[in-house]
Every structure is written in C-alpha cells, then in structure tokens.
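Chemist:
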Amino acid sequence: MTAWDITPQGVQGQLRLVGGHAGELAKAQDAMLAALEKAARAAGTAVPGTMARETPLQGPVAPGQPHLTAPTLGPVAAALGEYLRGRQPQLAAMAERIEAAVLGAVTATNEYVEGDLDNAKRAQDAARALRLDVLKDIGEGR
612 MTAWDITPQG
622 VQGQLRLVGG
632 HAGELAKAQD
642 AMLAALEKAA
652 RAAGTAVPGT
662 MARETPLQGP
672 VAPGQPHLTA
682 PTLGPVAAAL
692 GEYLRGRQPQ
702 LAAMAERIEA
712 AVLGAVTATN
722 EYVEGDLDNA
732 KRAQDAARAL
742 RLDVLKDIGE
752 GR
C-alpha cells in the first residue's frame with residue numbers, strides 16, 4: 612500500500628447501494644424458503660389416508676397434553692429438505708461475505724479518517740480474509 616485516497620461520502624454512498632442489494636437478497640432468500648416450504652406441503656406424501664397428516668412420536672408428555680406428533684413428509688418434501696441442508700453453507704457464506712465487506716469498508720474508512728493507516732490496512736485485510744472478529748476488535752478500538 613503506497614497511498615490511499617478515500618472519499619468517505621463515496622464509501623457511504625456505495626454502502627447504501629450494497630445495503631439495498633443485501634436487503635433484496637434477503638427478501639429473495641425468504642421468498643425461496645417460503646416457496647420451497649409451500650411446495651413441500653403441496654407435494655403430499657406416499658402414505659395413504661388419514662395417516663398422511665401426522666406421525667406419532669415417542670417421548671414423555673405432560674399429563675393432560677396431547678400426544679406428540681409431527682407432520683408426515685413425502686419424498687418430495689424430504690428431497691427439498693436435503694437440498695436446503697446442502698445449500699445452507701453457501702447461504703451462510705453469502706451473508707458472512709456481505710457483513711465482512713460492509714464492516715471492513717466502514718472500519719477501514721473510519722481508521723483512514725482518523726489518520727490510522729495501519730489499522731485501515733488491517734481492516735482491509737481482515738475483510739478480505741472474512742475475519743469478522745478482527746474487524747469488530749478494530750472497530751471497538753482494541
């Protein structure tokens with residue numbers, strides 16, 4: 612790093628854009644989860660008749676309470692559940708990268724404004740490495 616020339620107002624404008632896009636991503640993810648849940652419920656089960664509604668579970672039940680049950684899931688619902696379990700690491704990584712990028716930009720810019728270019732560089736490197744713990748420590752002045 613030889614020199615930095617940061618315009619804090621420009622960073623703020625970009626962070627607003629990123630925040631808007633992150634909000635759109637969160638809405639799309641919520642819509643996807645709702646659609647998958649709806650598809651799983653609508654797909655039905657491979658169990659005939661009234662058994663398709665609930666599956667009895669084993670376990671202690673408080674006196675006067677109904678027996679434990681869970682909805683019966685069919686093969687489509689099970690496959691959609693497996694799909695989501697497989698995608699969970701990618702969904703979590705997207706959120707972590709967005710958080711690291713935003714927090715890194717904010718922290719590096721604040722350190723730059725305060726004249727601490729070493730901490731600004733540390734924040735930049737921490738954001739690149741997805742080290743949220745380091746970014747939070749820098750932001751808190753540690």
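Per our numbering, residue 612 is the first one in the sequence shown, and the count goes up by one each step.
C-beta: ideal position from N, C-alpha, C; glycine also.
From a predicted model like this one, the values you see are computed outputs, not experimental measurements.
1. Are the CB atoms of Glu707 and Leu741 within a distance shorter than 8 Å?
2. With a Cβ-Cβ cutoff of 8 Å, do Ala737 and Val745 count as a contact?
3. Measuring only the C-alpha atoms, how far is Ala712 from Arg739?
4. Hey, quick one: how far does the alpha helix (DSSP H) through Leu644 stretch, first residue to last?
5. For Arg698 and Ala734, what's the separation of their Cα atoms in angstroms?
6. Using the C-alpha atoms, what's the distance from Ala650 back to Gly685?
7. At the level of alpha carbons, what is the spacing between Asn730 and Gly692?
8. Where does Pro674 fall in DSSP's three states?
9. If you draw a straight line from the alpha carbon of Met612 to that of Leu644, how long is it in whole angstroms?
10. For Gln640, collect the residues of the same chain with a Cβ closer than 7 Å to its Cβ; drop the 5 residues on either side in sequence, then sort them by chain order.
11. How many angstroms separate the CA atom of Gln577 from the CA atom of Ala719?
Modeler: Based on what the coordinates show:
1. To locate residue 741, count along the sequence shown from 1; it is residue 130. To locate residue 707, count along the sequence shown from 1; it is residue 96. In this structure, Glu707 lies closer than 8 Å to Leu741 by Cβ.
2. Taking the sequence shown and counting its residues from 1, the one referred to as residue 737 is at position 126. Taking the sequence shown and counting its residues from 1, the one referred to as residue 745 is at position 134. Cβ distance < 8 Å, so Ala737 and Val745 count as in contact.
3. As a first step, residue 712 must be located in the sequence shown, where it is residue number 101. As a first step, residue 739 must be located in the sequence shown, where it is residue number 128. Cα to Cα, Ala712 sits roughly 8 Å from Arg739.
4. Here residue 644 refers to the residue found at position 33 when the sequence shown is read from its first residue. Element bounds for Leu644: 619-653.
5. For the purposes of this step, residue 698 is taken as the residue at position 87 of the sequence shown. For the purposes of this step, residue 734 is taken as the residue at position 123 of the sequence shown. So the alpha carbons of these two residues sit roughly 29 Å apart.
6. Position 74 of the sequence shown, counted from the start, is the residue given in the question as residue 685. Position 39 of the sequence shown, counted from the start, is the residue given in the question as residue 650. If I take the Cα positions, the gap works out to 11 Å.
7. The residue labelled residue 730 in the question sits at position 119 within the sequence shown. The residue labelled residue 692 in the question sits at position 81 within the sequence shown. If you take the alpha carbons of Asn730 and Gly692, they lie about 43 Å apart.
8. Taking the sequence shown and counting its residues from 1, one reaches residue 674 at position 63. If DSSP states are grouped into helix, strand and coil, Pro674 belongs with coil.
9. Numbered from 1 along the sequence shown, position 1 holds the residue referred to as residue 612. Numbered from 1 along the sequence shown, position 33 holds the residue referred to as residue 644. The predicted model places Met612 with a pLDDT of 48, which falls under 50 and marks its position as unreliable, so this point remains unresolved.
10. Along the sequence shown, one-based indexing puts residue 640 at 29. Contacts found: Leu702.
11. What the structure shows of the chain is the stretch from 612 to 753, and residue 577 is not part of that stretch, so it cannot be assessed.
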